[in-house]
Amino acid sequence: MAKAEEAPLRAYKSYSKRMSDHVAVALVVYTLALIFLVTPTIESGGTSIFPYFVLVLFVAAVIPLCRNLERRWQTLDANARPGDGLESRYFADRLKLWVAAIAIPAALAVLFTVF
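Number 448 in this note's numbering belongs to position 86 of the sequence shown; there are no gaps in the numbering.
Written as structure tokens, this is what we have:
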């Protein structure tokens, strides 16, 4: 039985690494939402490859935005000083990221269903 004194301490993870983790998982969620919400709503009259081509385009359009967010946090983390208010920026950016990862596929599914 392990004692509390012998338990390993969790290492501090920087904001840039935490944001990078969130970006990676948000991209997976975004892609899965596109696959299961948007792709079935895209009607293709001829070939069946068209919905998947559109899927690739939507994912490719979001990747540069996610990379810019990661770069921003690498810069903010590198130049951070105590009391800079990075925590509030981190929570705001994380909220924006997750709202976009969920809302964009939902909005696209509605658009493709209506039009």
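Ideal Cβ positions, reconstructed from N, Cα and C, are used throughout, including at glycine.
* Spatial distance of V391 from D446 (CA atoms) -> Here residue 391 corresponds to residue number 29 of the sequence shown, with the count starting at 1. Here residue 446 corresponds to residue number 84 of the sequence shown, with the count starting at 1. Between V391 and D446, the C-alpha separation is close to 31 Å.
* Evaluate the contact criterion for the segment 375-385 versus the segment 403-414: three or more CB pairs, one atom per stretch, below 8 Å. => no
* Asked: With C-beta atoms as the reference, is L417 less than 7 Å away from L389?
  -> Your numbering for residue 417 matches position 55 in the sequence shown. Your numbering for residue 389 matches position 27 in the sequence shown. No, these two residues do not count as a Cβ contact at 7 Å.
* What does a CB cutoff of less than 7 Å around P413 pick up in its chain, not counting 5 residues either side in sequence? -> For the purposes of this step, residue 413 is taken as residue 51 along the sequence shown, with counting starting at 1. Closer than 7 Å at the Cβ level, and outside the excluded window around P413, lie T401, I404 and S406.
* Any heavy atom of the ligand GDP closer than 6 Å to the CB of F474? -> The ligand GDP is not part of the structure shown, which contains no ligands of any sort.
* Along the chain, where does the alpha helix (DSSP H) that runs through T401 open and close? -> By one-based count along the sequence shown, residue 401 stands at place 39. Run containing T401: none; DSSP gives neither H nor E here.
* **Between the CA atoms of I464 and C428 - distance to the nearest angstrom** => In the sequence shown, counting from the first residue as 1, residue 428 sits at position 66. In the sequence shown, counting from the first residue as 1, residue 464 sits at position 102. Spanning the two alpha carbons is a distance of roughly 14 Å.
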